[in-house]
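Number of protein chains: 2
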Amino acid sequence: MTDKQDEQADRNTRHQERMERKKNVVDEKIARADQDKGLILVNTGNGKGKSSSGFGMVARALGHNMQVGVVQFIKGSYSTGEEAFFRRFPEVQYHVMGEGFTWETQDRNRDTEMALHAWQKAQVMLQDPTINLVLLDEINIALKYKYIPIDEVIHALANKPFMQHVILTGRGARTELIEIADTVTEMKEIKHAFKAGIRAQQGVEL
Amino acid sequence: MTDKQDEQADRNTRHQERMERKKNVVDEKIARADQDKGLILVNTGNGKGKSSSGFGMVARALGHNMQVGVVQFIKGSYSTGEEAFFRRFPEVQYHVMGEGFTWETQDRNRDTEMALHAWQKAQVMLQDPTINLVLLDEINIALKYKYIPIDEVIHALANKPFMQHVILTGRGARTELIEIADTVTEMKEIKHAFKAGIRAQQGVEL
Numbered sequence: 001m002t003d004k005q006d007e008q009a010d011r012n013t014r015h016q017e018r019m020e021r022k023k024n025v026v027d028e029k030i031a032r033a034d035q036d037k038g039l040i041l042v043n044t045g046n047g048k049g050k051s052s053s054g055f056g057m058v059a060r061a062l063g064h065n066m067q068v069g070v071v072q073f074i075k076g077s078y079s080t081g082e083e084a085f086f087r088r089f090p091e092v093q094y095h096v097m098g099e100g101f102t103w104e105t106q107d108r109n110r111d112t113e114m115a116l117h118a119w120q121k122a123q124v125m126l127q128d129p130t131i132n133l134v135l136l137d138e139i140n141i142a143l144k145y146k147y148i149p150i151d152e153v154i155h156a157l158a159n160k161p162f163m164q165h166v167i168l169t170g171r172g173a174r175t176e177l178i179e180i181a182d183t184v185t186e187m188k189e190i191k192h193a194f195k196a197g198i199r200a201q202q203g204v205e206l
Numbered sequence: 001m002t003d004k005q006d007e008q009a010d011r012n013t014r015h016q017e018r019m020e021r022k023k024n025v026v027d028e029k030i031a032r033a034d035q036d037k038g039l040i041l042v043n044t045g046n047g048k049g050k051s052s053s054g055f056g057m058v059a060r061a062l063g064h065n066m067q068v069g070v071v072q073f074i075k076g077s078y079s080t081g082e083e084a085f086f087r088r089f090p091e092v093q094y095h096v097m098g099e100g101f102t103w104e105t106q107d108r109n110r111d112t113e114m115a116l117h118a119w120q121k122a123q124v125m126l127q128d129p130t131i132n133l134v135l136l137d138e139i140n141i142a143l144k145y146k147y148i149p150i151d152e153v154i155h156a157l158a159n160k161p162f163m164q165h166v167i168l169t170g171r172g173a174r175t176e177l178i179e180i181a182d183t184v185t186e187m188k189e190i191k192h193a194f195k196a197g198i199r200a201q202q203g204v205e206l
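Chains A and B, in that order, give the protein sequences. Quick note on the UniProt record's numbering: the first sequence kicks off at 1 and runs consecutively. Quick note on the UniProt record's numbering: the second sequence kicks off at 1 and runs consecutively.
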């Protein structure tokens, strides 16, 4: 063998050893994780991906022929790609809270009324064992502004069907929610195109 | 008016003022962001949501009747919900790299060969202006292990069709990639069900 071949062979052996160790660690972890359970997931933080990750899980669930419920607590005046797309599927119950972002409406009473109406729709889903996954998109905003009582949300999550997954998104997730959640991710903005003067793009933000 | 009604009215007025200020700030930012551009997005970090956020954007794009390309650089032996779901759509070109996670195969030569094959598929998509959005799922892992040359990836991204969006996911994103990206999000793990002994769940991780 040439020196170069030698070096390459060494590298491959080291790689194999490293991967074997990694496989052992991963296999052990997998063996320890042996429970099934409907999860409460929270996507929060100031970065991109909180809602889109929720919609990715909706797609995943549909791939397993699951039934899905979606309630969007905040809606712009534009129609979104995710709404146009997921409304096509009979397995998806889709409810969008009426009219505008909170800072566009500036009417606390009307916002509260609409948020509570959306929350009623969500509560029905959270009591229905035939719905396998529920996405409460941007509910954290409604909780932050106290449009919806946090106690009611915690109570509904504590009493949901055991195998039902629930995803709650939006920045500024309440501590009470983080405490009872199984998986919490902070989407942290490292860079955002918007700040460089690029507006929201179809397929990405819309 | 009673004291309670007074208090409520005050609260609503304060809310309205706060929201008006917020609307002004947001409106100004929106006015400044007036460019359209295909974006390079990177989802990295140790938390959940990197891939699912990418698949959420795929759904969004399909809602706008866009054409989509997906290359998954890492695949387990199980079939995933996202693959089962998105393969249903003729608007989606879907390529999955053959066989197992890297720590399951432990063969660097074979892994490199497969990663390069997947990268060839990706390169074709990155030169095709009829594809509006390309998801390179878990490519960061392939770049981290140097299965794919980072220079080639940077070059391909720099020369992609102007309006094409590209999403690159996986932990440990290379600095070179973060530098040229428009939007970078770090998915940070705050809590994960897996660590509490709950295995990967259909619709959530699978």
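Where a beta carbon is used, it is the ideal one built from N, C-alpha and C, also for glycine.
Beta-carbon proximity check, residue i vs residue j, cutoff 8 Å
i	j	result
A:Glu20	B:Ile190	no
B:Phe73	B:Glu138	yes
A:Gly203	B:His64	yes
A:Ala9	B:Arg199	no
B:Lys121	B:Val71	yes
A:Gln164	A:Val124	no
B:Gln67	B:Thr169	no
A:Glu193	B:Asp182	Reading off the sequence shown, one finds Ala at residue 193 of chain A, where the question assumed Glu. Closer than 8 Å, so yes.
B:Thr44	B:Asn140	yes
B:Ile148	B:Leu116	yes
A:Lys144	A:Gly172	yes
B:Leu206	B:Thr112	no
B:Leu126	B:Phe89	no
A:Val58	A:Val184	no
B:Ala118	B:Met97	yes
B:Gln201	A:Leu39	yes
Under 8 Å from the C-beta of residue i: neighbouring residues of chain A
i	result
residue 230 of chain B	Residue 230 of chain B cannot be examined here, being either before or after the span of chain B that is shown, 1 to 206.
Closer than 8 Å to chain A by CB, residue i
i	result
B:Gly81	yes
B:Glu189	yes
B:Lys37	yes
B:Leu168	no
B:Ala156	no
B:Gln16	yes
B:Ile178	yes
B:Ile148	no
B:Ile131	no
B:Leu136	no
Boundaries (first-last residue) of the beta strand (DSSP E) holding residue i
i	result
B:Thr183	183-191
residue 210 of chain A	This structure does not reach residue 210 of chain A, given that chain A is present from 1 up to 206, and the question cannot be answered.
A:His165	165-169
A:Val204	Counting along the chain, A:Val204 falls outside any beta strand (DSSP E), and DSSP gives it neither H nor E.
Assigned exposure category for residue i - 16 Cβ within 10 Å defines buried
i	result
A:Asn132	buried
A:Asn159	exposed
B:Gly47	buried
A:Arg60	buried
B:Asp151	exposed
A:Gly49	buried
B:Lys188	buried
A:Arg110	exposed
A:Glu82	buried
B:Val166	buried
A:Ala142	buried
A:Phe86	buried
A:Arg11	exposed
C-beta neighbour in chain B for residue i, strict 8 Å
i	result
A:Asp171	Here residue 171 of chain A turns out to be Arg, not Asp, going by the sequence shown. Taking Cβ atoms only, chain B never reaches closer than 8 Å to A:Arg171, which makes this a no.
A:Val184	yes
A:Gly165	The question names Gly, but residue 165 of chain A in the sequence shown is His. Output row for A:His165: interface = yes.
A:Lys69	Sequence inspection shows Gly at residue 69 of chain A; the Lys mentioned does not correspond to that position. Taking Cβ atoms only, chain B never reaches closer than 8 Å to A:Gly69, which makes this a no.
A:Gly98	no
A:Leu126	no
A:Phe162	no
A:Leu116	no
Within chain A, partners of residue i - CB distance below 7 Å
i	result
B:Asn43	Gly49
B:Met66	Gly203
B:Glu181	The sequence given here has Ala at residue 181 of chain B, not Glu. Per Cβ cutoff of 7 Å: Lys191.
B:Leu143	Correct list: empty, because the minimum Cβ distance to chain A is about 15 Å.
Host alpha helix (DSSP H) of residue i (start-end)
i	result
A:Gly177	Correcting the residue type first, residue 177 of chain A is Leu in the shown sequence and not Gly. It spans 175-180 - the alpha helix (DSSP H) in which A:Leu177 sits, taken as one unbroken run.
B:Thr13	3-32
B:Ile40	Counting along the chain, B:Ile40 falls outside any alpha helix (DSSP H), though it belongs to the beta strand (DSSP E) covering 40-44.
residue 226 of chain B	The question about residue 226 of chain B has no answer, for chain B in this structure spans 1 to 206.
B:Gly69	Where B:Gly69 is concerned, there is no enclosing alpha helix (DSSP H), although the beta strand (DSSP E) it sits in stretches over 68-72.
B:Gln35	Where B:Gln35 is concerned, there is no enclosing alpha helix (DSSP H), given that its DSSP letter is neither H nor E.
Chain B residues whose Cβ lies nearer than 9 Å to that of residue i
i	result
residue 257 of chain A	Within the shown structure, residues of chain A are numbered from 1 to 206, placing residue 257 of chain A beyond reach of any answer.
A:Val153	The premise fails here: A:Val153 is roughly 18 Å from chain B at the closest Cβ pair, so nothing lies under 9 Å.
A:Asp107	Asn12, His15, Gln16, Met19
Where residue i meets chain B, residues with beta-carbon distance less than 8 Å
i	result
A:Asn140	In chain order: nothing, as chain B lies at least about 14 Å away.
Residue i: contacting residues in chain B (beta-carbon distance under 7 Å)
i	result
A:Ala33	Phe194, Gly197, Ile198, Arg199
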